[in-house]
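Asks:
Chains as they are written, first to last, in our numbering: chain A, 4 to 218; chain B, 1003 to 1012.
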């Protein structure tokens, strides 16, 4: 475990905590895309199936449980908690997210490292995670007033992806056999999707203004 | 080397 990887995981954890704080404490999910959250729940459910078959470390298992538990509870909160559900921007959150799932599944069936059930699902989860943020980014663009917590949530998620790229660069140079093209390319695509958001986030921070994305 | 080294990532 290197410092970039740990920082990436902690940033990911922080993003989830920020979102849970908003939903649990403020009882609001305004500006949060349920579509993206559903995709993340699928991502973690398909990637972490190896919880039953392989053991890496206590850290690894605990973090997997945290991400599984938090992603599913966020979805359930947004769908079934009366107060939280009322704050959901249903009319704005219209991205056809199921249309992302099938192409990712087909791609995983075609391009993978090993053709086994767990491996194909694991690869599918990488492809799906790469595009899972799209409904959220579209919703942000449609939302006039992006509150601080929602902005921070997306900023932290993007930061987590960026740190993972540094982690791969570090591992490539320190672990001679560490070459994983599928992970790298889907991770890179995922990080690039945040580029636009990062630009406007840094602008609003620099000018000390409220975050607003151009339509 | 472990084939699944990347799987220790989250």
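Where a beta carbon is used, it is the ideal one built from N, C-alpha and C, also for glycine.
Please confirm whether residue 63 (chain A) has its beta-carbon closer than 8 Å to some beta-carbon of chain B.
Replies: Taking the first residue of the first chain as position 1, residue 63 (chain A) is located at position 60. Output row for residue 63 (chain A): interface = yes.
Asks: Counting only runs of 3+ residues fully inside the segment 145-188 of chain A, write out the beta strand (DSSP E) ranges in chain order.
Replies: Counting whole runs of 3 or more residues, the segment 145-188 of chain A contains no beta strand (DSSP E) stretch at all.
Asks: What in chain B is Cβ-close to residue 59 (chain A), meaning under 8 Å?
Replies: Sequence index remark: in the first chain, residue 59 (chain A) carries index 56 (1-based). The contacting residues are 1009, 1010.
Asks: Answer with yes or no whether the minimum CB distance from residue 66 (chain A) to chain B is below 8 Å.
Replies: Position 63 of the first chain, counted from the start, is the residue given in the question as residue 66 (chain A). Interface residue, yes.
Asks: Could you tell me if residue 81 (chain A) is buried or exposed, where buried requires 16 or more neighbouring beta carbons within 10 angstroms of its beta carbon?
Replies: The residue labelled residue 81 (chain A) in the question sits at position 78 within the first chain. Classification of residue 81 (chain A): buried, given that the 10 Å Cβ count is 16 or more.
Asks: Taking C-beta pairs closer than 7 Å, name the residues in chain B that residue 88 (chain A) reaches, listed in chain order.
Replies: Position 85 of the first chain, counted from the start, is the residue given in the question as residue 88 (chain A). Neighbours of residue 88 (chain A) on chain B: none; closest Cβ ~29 Å, over 7 Å.
Asks: Just how far apart, CA to CA, sit residue 5 (chain A) and residue 100 (chain A)?
Replies: Translated into positions along the first chain, residue 5 (chain A) becomes position 2. Translated into positions along the first chain, residue 100 (chain A) becomes position 97. Their Cα atoms are separated by approximately 34 Å.
Asks: For residue 9 (chain A), which residues in the same chain have their Cβ closer than 8 Å to its Cβ, ignoring the five residues on either side in sequence?
Replies: Taking the first chain and counting its residues from 1, one reaches residue 9 (chain A) at position 6. Same-chain partners within the cutoff: there are none.
Asks: From the DSSP output, in three-state form, read off residue 1 (chain A) for me.
Replies: A question about residue 1 (chain A) goes unanswered here, because the residues of chain A that appear run from 4 up to 218.
Asks: Tell me the DSSP secondary structure of residue 15 (chain A) in three-state form.
Replies: As a first step, residue 15 (chain A) is located in the first chain; it is residue number 12 there, counting from the start. Residue state, collapsed to three classes: helix.
Asks: Between residue 199 (chain A) and chain B, is there a C-beta pair that is closer than 8 Å?
Replies: As a first step, residue 199 (chain A) is located in the first chain; it is residue number 196 there, counting from the start. Not one chain B Cβ lies under 8 Å of residue 199 (chain A).
Asks: So that I know if they touch, is there some Cβ in chain B lying closer than 8 Å to that of residue 132 (chain A)?
Replies: If you number the first chain from 1, residue 132 (chain A) lands on position 129. So no, residue 132 (chain A) is outside the interface.
Asks: Give every residue of the same chain whose Cβ lies closer than 8 Å to the Cβ of residue 24 (chain A), excluding the five residues on either side of it in the sequence, and list them in chain order.
Replies: Translated into positions along the first chain, residue 24 (chain A) becomes position 21. 152, listed in sequence order.
Asks: Using the C-alpha atoms, what's the distance from residue 134 (chain A) back to residue 197 (chain A)?
Replies: On the first chain, residue 197 (chain A) is found 194 positions in, with the first residue counted as 1. On the first chain, residue 134 (chain A) is found 131 positions in, with the first residue counted as 1. Approximately 11 Å between the Cα atoms of the pair.
Asks: Does the beta-carbon of residue 85 (chain A), which I'm using as the reference point, lie nearer than 7 Å to any heavy atom of the ligand ATP?
Replies: Absence of the ligand ATP is noted for the structure shown, with no ligands found whatsoever.
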